[in-house]
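As given, the protein sequences belong to chains E and G, one line each in that order.
Residues in the first sequence are numbered consecutively from 107, following my numbering.
Residues in the second sequence are numbered consecutively from 107, following my numbering.
Ideal Cβ positions, reconstructed from N, Cα and C, are used throughout, including at glycine.
Quick caveat, the model's predicted, so the values are computed rather than measured.
Below you'll find the structure, written out as structure tokens, and then a few comments.
Number of protein chains: 2
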Amino acid sequence: MVIRKAADVESTPVHMKGVKDVTMRILVGRCDGAPNFSLRQFTVEPGGHTPRHRHNYEHENYILSGTGQVFYEDAFHDITGGDVLFVEANQEHQFLNTGSEPLEFLCLVPVSFEAGGGQMEPTPGS
Amino acid sequence: MVIRKAADVESTPVHMKGVKDVTMRILVGRCDGAPNFSLRQFTVEPGGHTPRHRHNYEHENYILSGTGQVFYEDAFHDITGGDVLFVEANQEHQFLNTGSEPLEFLCLVPVSFEAGGGQMEPTPGS
């Protein structure tokens, strides 16, 4: 069993085009031997945002604290602590912190994704 | 996209041998079309516990609030809000609320498990 405090997990800046002031912790992932999915925690600072992008695997999210918006299909939707999201594969999405406190959320992904021609590859950040 | 408040999801009592005062919400699951894993929230009332059991699929857990213990490999480990667990397949485990407030935690499972002879079946409660 792995048992750890989320706050003790190394927090690393997310470097992707279109990202502003976002850090990530891999709470449980491939390095732990997770066979199917990876549990990550993201922190978006006030005014920051994740990239507006899409990929061929899903997200499941739990908002821990803070307030913000999720962009999805040409509209912004308010999010706050205790909200849950399921972002299906291939749908454009983005998380934005519109509040004054850090926006903290869990973001789950499968550990592998279909990279073309039936080839499975490790999901980035898993 | 699915977007909902966890508190608005129907809470159902968990009826299994060895369970005491536990309810569950399926926050994102098979019914939403989740292709790989299911996000559930469990509430264990003070003095309550989940069954002490094992199964051939993993858990990934995030403790939201409350205090308790997890039994794993003949030992009890303290857990509280912000703790993260990875319970590997086939390992005996149990969650117990040893505090005075509800113990709330997220518990992720794959949506399917190997039921013998290579047959995949829906994971209970996914």
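Ala-181/G carries a strand assignment under DSSP once its states are collapsed to helix, strand and coil. At a cut-off of 7 Å between beta carbons, Arg-146/G makes no contact with chain E. Contact between Asn-142/E and Pro-216/E is confirmed by a C-beta separation of about 7 Å, below the 8 Å threshold. The stretch 109–124 of chain E makes contact with the stretch 186–203 of chain G, as at least three CB pairs between them are under 8 Å.
The beta carbon of Glu-210/G does not come within 7 Å of any beta carbon belonging to chain E, so the residue lies off that interface. Residue Arg-158/E holds the alpha-carbon nearest to the alpha-carbon of Val-193/E among Met-122/E, Glu-220/E, Arg-158/E. Proximity of Gly-188/E to chain G, defined by a Cβ-Cβ separation below 7 Å, is satisfied.
Taking a C-beta distance under 7 Å as the contact criterion, Asn-167/E and Cys-137/E do not qualify as a contact pair. Between Val-120/G and Met-107/G, the CB-CB gap reaches or exceeds 7 Å. Per DSSP, reduced to three states, the secondary structure at Arg-136/E is helical.
With respect to chain G, the C-beta atom of Phe-201/E has no partner C-beta closer than 7 Å. In the DSSP assignment, Pro-230/G falls outside any beta strand (DSSP E) and carries neither an H nor an E. Against chain G, the CB of Asp-180/E has no partner CB under 7 Å away; the residue lies outside that interface. The stretch 143–157 of chain G and the stretch 196–203 of chain G touch, with three or more beta-carbon pairs separated by less than 8 Å. Taking a beta-carbon distance threshold of 7 Å, Ala-112/G counts as an interface residue toward chain E. At a cut-off of 7 Å between beta carbons, Pro-216/G contacts chain E.
Residues of the stretch 115–149 of chain G with a Cβ closer than 8 Å to any Cβ of chain E, in chain order: Val-115, Leu-133, Val-134, Asp-138, Gly-139, Ala-140, Pro-141, Asn-142, Phe-143, Leu-145.
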